[in-house]
Amino acid sequence: MNTFAFRSLLAAATLALASCGGSGSGGSSGGDTLTVAATAVPHAEILEVVEPLLAKQGVKLDVRVFNDYVQPNDQVVQKQIDVNYFQTEPYLDAYNRDRKSQLVTVVGVHIEPFGAYSRRFKTLAELPTGADVVIPNDPSNNSRALILLDKAGVIKLKDPSNALSSQRDIVENPKQLKFRELDSAMLPRVLDQVDLALINTNYALDAGLNPTRDALAIESKDSPYVNFLVSRPDNKDDPRVQKLAKALTSPEVKAFIEQKYKGAVLPAF
């Protein structure tokens, strides 16, 4: 069994205990161990680079891999896990607003340029009238997808600078695109069944797509959607969390990101 599979099972077991009414005292770590919730690619891969750096400082990293964008935050709020590393600040803001939580950013680490993908067409200009387009269903990534299509000239939004634009803000849709909203993790799985899918880079990479090669449109390198290490207010200044923040923005991590992902993921420091 590979490391990611094992850790995914561990995360699933944690969720099962939580759903059965287990207390939060057994999940959030103490001592020299720090638990981190992350999605598999690139976050858990980057954390593997960080593990030996922290070990030299006496901190053991316990990475738990999730395949969705909700449980990593829920688990930190419930103190089942110490911190997470998977999300942008607009997504975190939307989560905090919807759940009335107060999770906070610790440090920005990398950018994943968001992309538009198709198995049926090689350019956006080839999209037919009434094309079937799938986009993420959470507010932050939903607007991110629409803003990318606006910048590509496929649709026009009322205000492309609005980080929470929705379908209601589309003022021009010349191709009469038909939008469907799905959970972000589902988007690569339906790529063969639709005309166009707007996919987060972590899920695109996990599905074997190369954003710099395969995307018909991709965010520019100055994208504001930085992925952050996130914690609760009560443990943001924990020495273990601060050591992780420093390690995530180290020269070793920067070199790994640049060499491993070749522009599909970019250092934000």
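Residue numbers (our numbering): -15 to 253. Glycine is no exception: its CB is placed at the ideal position from the N, C-alpha and C atoms.
Beta strand (DSSP E) segment containing Pro120, residue limits
For Pro120, the uninterrupted beta strand (DSSP E) run begins and ends at 116 to 120, by DSSP.
In three-state DSSP terms, what is Tyr101?
For Tyr101, the three-state secondary structure derived from DSSP is strand.
Beta carbon of Asp58, beta carbon of Thr19: below 8 Å?
Not closer than 8 Å, so no.
Roughly how many angstroms separate the alpha carbons of Glu236 and Leu200, rounded to a whole number?
So the alpha carbons of these two residues sit roughly 31 Å apart.
Under the DSSP definition of a beta bridge, which residues are partnered with His94?
For His94, the pairing in a beta bridge is given by DSSP as Asn211, Pro251.
Can you tell me whether Asp16 is buried or exposed, with buried defined as 16 or more other CB within 10 angstroms of its CB?
Burial call: exposed.
For Asp46, which of helix, strand or coil comes out of DSSP?
Note: Asp46 maps to strand in three-state DSSP.
Other residues of its chain near Phe240: CB distance less than 6 Å, five sequence neighbours each side excluded
In chain order, Val33 place their CB closer than 6 Å to the CB of Phe240, counting only its own chain and leaving out the 5 sequence neighbours on each side.
Quick check on the DSSP output: the beta strand (DSSP E) that includes Glu156 runs from which residue to which?
Here the beta strand (DSSP E) through Glu156 covers 154 to 156.
Could you name the residues of the same chain whose beta carbon sits closer than 6 Å to that of Ser7, not counting the 5 residues immediately before and after it, in chain order?
Confidence at Ser7 is low in this model, with a pLDDT of 32, below 50, so its placement is unreliable and the value that follows should be read with caution. Result list for Ser7: empty, nothing under 6 Å.
Which word fits Gly5, buried or exposed, when buried means at least 16 other C-beta atoms lie within 10 angstroms of its C-beta?
With a pLDDT of only 33 at Gly5, under 50, the local geometry of the prediction cannot be trusted, and the value read off the model is given with reservation. It is exposed - the Cβ of Gly5 has fewer than 16 other Cβ atoms within 10 Å.
So, with DSSP's three-state summary, where would you put Tyr69?
Strand, per DSSP.
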